[in-house]
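Heads up: the sequence shown begins at 2 in my numbering, then just goes up one per residue. Beta carbons are placed, not taken as given, at the ideal position from N, Cα and C, and that holds for glycine. Following: one structure in structure tokens, then a few remarks.
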Amino acid sequence: MDQRSQIQEFLASRRARVSPQSVGLPVAGRKRRVPGLRREEVAALAGLSVDYYIRLERGALTNASDSVLQAIARALRLDAAEQAHLIDLARAGRPSTASRSRRTSPTAIAPQLQAVLDALVGVPALVRSPTLDLIATNSLGRALYSVVHTGGGTAPSLARFTFLDPRARDFWGDWDEVADDLTAQLRAAAGANPLDRSLTDLVGELSTRSDAFRERWARHDVRAHGRGTKRFRHPVVGTLELRYDLLHLAAEPGLTMITYTAEPGTTSHDNLSLLASWAAGQEHDVERNRAAP
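Here's what the structure looks like:
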């Protein structure tokens, strides 16, 4: 992923969202050839010279100060996730961070963290990498995502499942919303770590094989959800509407721990209990097969 192109396309896409009227600019009698704000209008709103802003939008963010980035964020009305992405794009091109950005996505977790996952009885829990691979789960988390697990030696990929597996549209109760969120999370990860080979390979594969992904990727949307609700249509227990919470792990940079809970007294709570029973039965069968001569 070319860093200058990412910067140019992100700023142009955010500029196109902001109408002149929404920021108090006159438009009567003026023919506009571009949607949203012109570059000179962004420059004026940010208190920058037009030439300087044009250079920044063309990719020269590397040496921009934090105050300049904040001024651009205000002019373009970026939310917190978009502002963080803008800062990531600027920092990724700096010599001091270029070497760090070459790190690859983690593929395993520490045994202590796996013990924490396993201790969460009755709560599906997983750890996800920046490339949206499920690199660890507890037994109930694996049961919840049983349709994603193929039994191979590699970590299941939520991105590949969502965009390349026909079963995904049945599994996700809100496929379009999930697809939007996952693409936006990959876009944010690409801004923070543009030289991650596993990430660039994934984006290239999905862009080639999925029109739905390619269209979403071109929007340059980024999002950050700490909690929310997700609907599943599980092939064993049926519909589950679960609340999720995300925790970024300080000791495991780049990894995210996700837990799911159901509202007591609901059908989803009953179905989650049923899923726990099914998961226990699956584990019992595995242990019995291992013990068989």
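Our contact map puts residue i next to residue j with C-beta atoms below 8 Å; I'd like the distance itself, whole angstroms only.
| i | j | result |
| --- | --- | --- |
| Arg244 | Gln186 | No, Arg244 and Gln186 are not in contact; Cβ-Cβ is about 18 Å, not under 8 Å. |
| Arg39 | Glu58 | The pair is not a contact, with the Cβ atoms about 11 Å apart (cut-off 8 Å). |
Here's the rule I'm using: 16 or more other beta-carbon atoms within 10 Å means buried, otherwise exposed. How should residue i be labelled?
| i | result |
| --- | --- |
| Glu264 | exposed |
| Arg16 | buried |
| Pro27 | exposed |
| Pro254 | exposed |
| His226 | exposed |
| Thr163 | buried |
Please state the DSSP three-state secondary structure of residue i.
| i | result |
| --- | --- |
| Leu121 | coil |
| His221 | coil |
| Arg210 | helix |
| Ile110 | coil |
| Thr262 | strand |
| Thr267 | coil |
| Ser102 | Low per-residue confidence applies at Ser102: pLDDT is 49, beneath 50, and the placement is therefore not dependable enough to give any value. |
How do the segment 45-62 and the segment 6-24 stand: do at least 3 beta-carbon pairs fall below 8 Å, yes or no? yes
Could you name each continuous alpha helix (DSSP H) segment of 4 residues or more that falls completely within the segment 33-63, going from the start of the chain to the end? Fully enclosed alpha helix (DSSP H) runs of 4 or longer: 40-47, 51-58.
Do the segment 209-221 and the segment 266-277 touch if we need at least three Cβ pairs shorter than 8 Å? no
My parser needs the beta strand (DSSP E) runs of 3 or more residues fully inside the segment 120-208; what are they? 126-129, 135-138
Determine contact between the segment 78-87 and the segment 175-192, defined as no fewer than three beta-carbon pairs at a distance below 8 Å. Because the criterion of three Cβ pairs below 8 Å is met, the segment 78-87 and the segment 175-192 touch.
Can you list the alpha helix (DSSP H) stretches of 4 or more residues lying completely in the segment 222-249, in chain order? none
Counting pairs of beta carbons, one from the segment 133-142 and one from the segment 110-124, are three or more of them closer than 8 Å? yes
For the segment 166-181 against the segment 71-79, do three or more pairs of beta-carbon atoms, one drawn from each stretch, fall closer than 8 Å, so that the two count as touching? no
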